[in-house]
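The sequence shown begins at 330 in our numbering and counts up one residue at a time. Structure first, commentary second.
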Amino acid sequence: DTLNARTFAIAEEMGLEILNICGTCQGVMKKAQAHLDKDEKYKNKINETLKEGGHEYKGTVQIKHLLTVLSEDFGLSSLRSKVTVALDGLNVAPFYGCYLLRPSELSDFDDPDNPTEMEVLIETLGGTSIDYEGKLKCCGFPYLMMKKKESITMAGNHIASAKKEGADCMVTPCPLCHLSLDPYQPESAKEIGQELDIPVLHLPQLVGLAMGLKPKELGMQKHIISTKKLTDKIGC
């Protein structure tokens, strides 16, 4: 909490909001902020430490994830106007992960138990959102280093479910979910005994493709699972 409070304080000093591109970072920061804001004694204790570096957390900073910024601050109509490569015919399976949804009282979503923010964004970009079992569940990353078999099995089952429903790709707002779903996908496929081969994008990559950025500019050549069949389908 001390490290997060320092980040919050610096943002307040600069008069800026905090933008996260990571769902896990968003969840951890929101939890830390809630702890600080609800416990004055605890906040004062943290501020005593921050004072040594010339900082003070006042509790005014706003912490937002990119998904919320795109959907609400920038706005879907404005985003739609920036689309130069419509994702027509692309079946996209959203994978929310844990930290943007839970605990629900800290989520920025209207209905964390039945979110639609990712689906609406996908449709705004011209894609087709695919519903499937597992899109709101844990990716398995939190215990990847402790129980790898269980972790990659969980990830593999989510990917298999998305593939069964006709997904061309998956998209996640969390790079740790991406780590579970893309780099470990070959191992997941072997563990569950199914061929998967489903590209997994981080949310900014999907938005970037729709806005005309080239796959190489978005680092897609670094993925473990090739994204070529995806990019070929939308002509980029």
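All residues carry an ideal CB built from backbone N, CA and C; glycine is no exception. Since the model is a prediction, treat every value here as computed from it, not as a measurement.
Could you check the C-alpha separation between K557 and Q550 for me, to the nearest Å? Within the sequence shown, numbered from 1, the residue matching residue 557 stands at position 228. Within the sequence shown, numbered from 1, the residue matching residue 550 stands at position 221. K557 and Q550: Cα-Cα distance of roughly 9 Å.
Looking at C-beta atoms only, is the number of pairs between the region 355 to 368 and the region 407 to 425 that lie closer than 8 Å three or more? no
Between which two residues does the alpha helix (DSSP H) containing P504 stretch? By one-based count along the sequence shown, residue 504 stands at place 175. Taken as a continuous stretch (DSSP letters only), the alpha helix (DSSP H) holding P504 covers P504 to L510.
I'd like the ranges of any beta strand (DSSP E) spanning at least 3 consecutive residues and lying wholly in the region 349 to 420. 392 to 394
Is the Cβ-Cβ distance between Y513 and L465 less than 8 Å? Within the sequence shown, the letter at position 184 stands for residue 513. Within the sequence shown, the letter at position 136 stands for residue 465. Going by C-beta atoms, Y513 is not nearer than 8 Å to L465.
P528 to T560, Cα distance in whole Å? For the purposes of this step, residue 528 is taken as residue 199 along the sequence shown, with counting starting at 1. For the purposes of this step, residue 560 is taken as residue 231 along the sequence shown, with counting starting at 1. The alpha-carbon atoms of P528 and T560 are separated by roughly 10 Å.
The alpha helix (DSSP H) enclosing T556, as first and last residue numbers: Position 227 of the sequence shown, counting from 1, holds the residue named residue 556. Element bounds for T556: n/a, residue is neither H nor E.
Could you name the residues of the same chain whose beta carbon sits closer than 8 Å to that of G418, not counting the 5 residues immediately before and after it, in chain order? Your numbering for residue 418 matches position 89 in the sequence shown. Answer for G418: T457, K562 and I563, listed in chain order.
Excluding the 5 residues flanking H507 on each side, which residues of the same chain have their C-beta closer than 7 Å to its C-beta? On the sequence shown, residue 507 is found 178 positions in, with the first residue counted as 1. Once the five neighbours on either side are set aside, the close Cβ partners of H507 are T501, V529 and H531.
Roughly how many whole angstroms lie between the Cα atoms of I339 and D442? One-based indexing of the sequence shown puts residue 339 at position 10. One-based indexing of the sequence shown puts residue 442 at position 113. Cα-Cα distance, rounded: 33 Å.
Same chain, Cβ closer than 8 Å to Q391, five either side skipped, listed in chain order: Locating residue 391 in the sequence shown gives position 62, where the first residue counts as 1. Excluding residues within five positions, the ones whose Cβ falls inside 8 Å are E346 and I347.
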